[in-house]
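J.: Numbering follows the working numbering, with no gaps: position 109 of the sequence shown is 116. Backbone N, C-alpha and C fix where the C-beta goes; we use that ideal spot for every residue, glycine too. Structure below; questions to follow.
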Amino acid sequence: MWKEQRGQGLAELALLLPVLLLLVMGMMEFGRVSHAYLAVTNAAREGARAAAVGAPDAQIIDVVKASAGSLAGNSLEITIDPQESSRQRGQPVRVAVRYGVAIISPVIQSVVPNPVWVTGETSMRVE
Numbered sequence: 008m009w010k011e012q013r014g015q016g017l018a019e020l021a022l023l024l025p026v027l028l029l030l031v032m033g034m035m036e037f038g039r040v041s042h043a044y045l046a047v048t049n050a051a052r053e054g055a056r057a058a059a060v061g062a063p064d065a066q067i068i069d070v071v072k073a074s075a076g077s078l079a080g081n082s083l084e085i086t087i088d089p090q091e092s093s094r095q096r097g098q099p100v101r102v103a104v105r106y107g108v109a110i111i112s113p114v115i116q117s118v119v120p121n122p123v124w125v126t127g128e129t130s131m132r133v134e
């Protein structure tokens with residue numbers, strides 16, 4: 008009876024290994040995208056806070072890049088609305104940060120768009 012089942016474990020592993028690898032790679036990429044989303048959201052919040060207390064646009068951009076942490080600062084797309092010259096006390100100012108997360112797993116690249124764009128946006132009232 009044992010001789011008939013000798014290669015069964017290897018055959019089952021060969022069938023399940025691609026599925027397991029896809030799941031593991033998917034979880035890794037999901038974690039990377041989630042990390043980028045949290046970093047972008049936090050950077051937008053810090054930028055909106057700087058804008059709310061009257062910082063100029065150049066300083067807001069520096070604050071956003073510093074708050075983005077491990078994300079590449081040059082590839083962040085930062086939008087500040089309204090422009091510095093149009094801001095008035097009591098009016099809302101909106102800071103949006105957009106970042107493209109490059110998918111590194113070749114298997115996942117064929118399933119999802121590359122890069123995956125994450126956006127964080129925060130509005131605060133100018134003080």
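Is residue 43 closer than 8 Å to residue 102 when the C-beta atoms are compared?
T.: Cβ distance not < 8 Å, so residue 102 and residue 43 don't count as in contact.
J.: Please state whether DSSP places residue 75 in a helix, a strand or coil.
T.: Residue state, collapsed to three classes: coil.
J.: Between which two residues does the beta strand (DSSP E) holding residue 105 run?
T.: 99 to 108 is the extent of the beta strand (DSSP E) around residue 105.
J.: Quick check on the burial criterion: 16 or more other C-beta atoms within 10 angstroms. Buried or exposed for residue 111?
T.: Exposed, because fewer than 16 other Cβ atoms sit within 10 Å of the Cβ of residue 111.
J.: Taking only the alpha-carbon atoms, compute the straight-line gap between residue 105 and residue 65 and give it to the nearest angstrom.
T.: Between residue 105 and residue 65, the C-alpha separation is close to 17 Å.
J.: If you measure between the beta carbons of residue 133 and residue 90, is that distance less than 8 Å?
T.: Cβ atoms of residue 133 and residue 90: not closer than 8 Å.
J.: Looking only at its own chain, which residues have a Cβ that is under 7 Å from the Cβ of residue 33, when we skip the five neighbours before and after it?
T.: Hits under 7 Å: 115.
J.: Check residue 114 in the structure and name its three-state DSSP category.
T.: In the structure shown, residue 114 sits in a helix (DSSP, three-state: H, G or I).
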